[in-house]
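S.K.:
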Amino acid sequence: MKVDEELLKEFEEVCREYGLDSEKVLNELVSEWVANRYYDVWVFKFVKFMYFVVLPVLLICVVIYAEVF
Numbered sequence: 008m009k010v011d012e013e014l015l016k017e018f019e020e021v022c023r024e025y026g027l028d029s030e031k032v033l034n035e036l037v038s039e040w041v042a043n044r045y046y047d048v049w050v051f052k053f054v055k056f057m058y059f060v061v062l063p064v065l066l067i068c069v070v071i072y073a074e075v076f
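Every letter in the sequence shown is one number past the one before it in the numbering used here, and letter 49, counting from 1, is 56.
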């Protein structure tokens, strides 16, 4: 992963100003980003499943129901 050294130094300086451990804060931010990324992928897969599987089956059931009654 490519890291901007100047930005990293500025981040560490801000963390020092507020008395925070920069490594701990960075790890927490990265883990939150990864969790959000995983959540976005899960939501996309769920929506895709609903659109391509559930919706067609539901429409077929409605058509069959309309033909029978």
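Yeah, the Cβ is synthetic: ideal placement off N, Cα and C, and Gly gets one too.
1. From the DSSP output, in three-state form, read off L27 for me.
2. What separation, rounded to the nearest whole angstrom, lies between the Cα atoms of Y37 and F59?
3. Terminal residues of the continuous alpha helix (DSSP H) containing V64?
M.R.: So, to answer that:
1. coil
2. This sequence places Val at residue 37; Tyr is not what is there. Going by the C-alpha atoms only, they are around 33 Å apart.
3. L62 to V75
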